[in-house]
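Positions 69 to 448 (the working numbering) are the ones given, in order, by the sequence shown.
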Amino acid sequence: MTVTAVKAAGSTAGGAHPDVVLRAEQITKVFPGTVALDNVNFNVYRGKVNVLVGENGAGKSTLMKIIAGVEQATQGQLLLNGRPIKIKSPLDAARHGIGIIYQELNLFPNLSVTENIFMAHELKKNGVLIDQAAQKEQAAQLIERLRQPIEPDDIVGDLRIGHQQIVEIAKALAQEIEILIMDEPTSALSASEVAVLFEVINELKNEGVAIIYISHKLEELMQIGDYITVLRDGRLRAERPVPEIDLSWIIEEMVGRNPASLFAARQQELGDELLRVENITLIRVGGGYMVDHVSLALRRGEILGIYGLMGAGRSELLECLAGLRPEATGQVWLDGRPVKASTVKDRIDLGVAYIPEDRQREGLVQTMSVADNMLLASLK
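So this is what it looks like as structure tokens:
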């Protein structure tokens, strides 16, 4: 397939499209030993969802960090409403009406939902004292807009990762923004929560807010996007209106190959039953069940998907299987033999590995090296 970028992707500042609120022009970013971005142009259209896609390492997050003031470009310039601007910090970006929802959550786990939402832009009484009542009221309104069972006084560290992501979104919505960057905003959200987020995005579009949207969920991009820009190996590949393209075009532009050759159908032979779980039960503090008598079976070579809304017990079920919930009841068989071991170490010794939902907080010891983290689970 031969593709040419639309004119807006290569336009100069003098001939910029009138609906381009922000333009990143000839942006280059060099890190020691690598060129993360190479002469990239990127247009952000007012009142539109501007999708940015590319494989891991294509430069998407680096470009967003430059726009948000977290990183500085080695060369190139940013134009806001046709005028060159310098963004040297996230506070500079906020002053220019640019907000960002980071891929890695940027929250204080020991503070409340309200305190996180208004961090660094607190509401003041008489310009001096923090107006906690007003902050709490606005936080409640934002959470209600996102339709989530979260209280303004909840401590963020006590929330599951999906609800923390909702707090990050509310934090961005609390600011006066002209441009909102969303870097993988739905990675921990259920389908119903994604639907609510899309409604909020459409409301923001109607208010004239420009959205920059990054996601690996390509079907989402086709559903919510207005314009799409593709990066490959740190370079601009193409920019097109979303109605003009399809999923095959996106994949081919991202990887440089026809998607039919990447996903050739093949017959998978499944092996014998490897894991059987019967009546796994985890009682909720205060009454009821977090996991209610769940049974399942898994065969060798099989991928088993577990679906459900936030709070349905998906993560808790996996925590039971990994030995993180020793109070859970039920029977587990591995290779046809009953499993009596109930601790995390015992399950690891049996070959059960667990990647937690919150990688940063539960999966890594961030003060230790990469090598030490990789070896932690296999130390004897």
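Think of the CB as a built atom: it goes at the ideal place given N, C-alpha and C, for glycine as much as any other residue.
Since this is a predicted model, take the numbers as computed values, not measurements.
Is the closest heavy atom of the ligand NAP to the C-beta of residue i under 7 Å?
i, result
"residue 211", "For the structure depicted, the ligand NAP is absent and the ligand set is empty, with no information on it obtainable."
Could you check what DSSP says for residue i in three-state terms: helix, strand or coil?
i, result
"residue 290", "helix"
"residue 431", "helix"
"residue 254", "coil"
"residue 149", "coil"
"residue 273", "helix"
"residue 382", "helix"
"residue 398", "strand"
"residue 389", "helix"
"residue 343", "strand"
"residue 204", "helix"
"residue 126", "coil"
"residue 75", "Unreliable placement is indicated for residue 75, whose pLDDT of 37 sits below 50; the coordinate value is still reported in the next sentence. Of the three classes helix, strand and coil, the one that applies to residue 75 here is helix, per DSSP."
Would residue i and residue j be called neighbours here (beta carbons separated by less than 8 Å)?
i, j, result
"residue 300", "residue 126", "yes"
"residue 175", "residue 92", "no"
"residue 142", "residue 96", "yes"
"residue 249", "residue 210", "no"
"residue 391", "residue 414", "yes"
"residue 166", "residue 188", "no"
"residue 202", "residue 220", "no"
"residue 449", "residue 214", "Residue numbering for the chain in the displayed model covers 69 to 448; residue 449 lies beyond these limits and cannot be assessed."
"residue 425", "residue 245", "no"
Would you tell me roughly how many angstroms separate the C-alpha atoms of residue i and residue j, rounded to the nearest one?
i, j, result
"residue 231", "residue 258", "10 Å"
"residue 447", "residue 420", "15 Å"
"residue 168", "residue 321", "26 Å"
"residue 271", "residue 436", "43 Å"
"residue 77", "residue 377", "In this prediction, residue 77 scores a pLDDT of 42, lower than 50, which makes its location untrustworthy; the coordinate-derived value is nonetheless stated afterwards. Distance between the alpha carbons of residue 77 and residue 377: 39 Å."
"residue 380", "residue 205", "29 Å"
"residue 431", "residue 423", "7 Å"
"residue 411", "residue 394", "7 Å"
"residue 385", "residue 149", "50 Å"
"residue 442", "residue 427", "13 Å"
For residue i, list the residues DSSP reports as bridge partners.
i, result
"residue 192", "198"
"residue 368", "Bridge partners of residue 368: none, in fact."
"residue 278", "247"
"residue 296", "119 and 308"
"residue 224", "Bridge partners of residue 224: none, in fact."
"residue 212", "Paired residue(s): none; residue 212 is not in a bridge."
Between residue i and chain C, is any beta-carbon pair separated by less than 8 Å?
i, result
"residue 308", "Absent from the structure: chain C. Only one protein chain is present."
Contained alpha helix (DSSP H) runs [length at least 4] in the segment 155 to 187, N- to C-terminal order: 158 to 163 and 181 to 185
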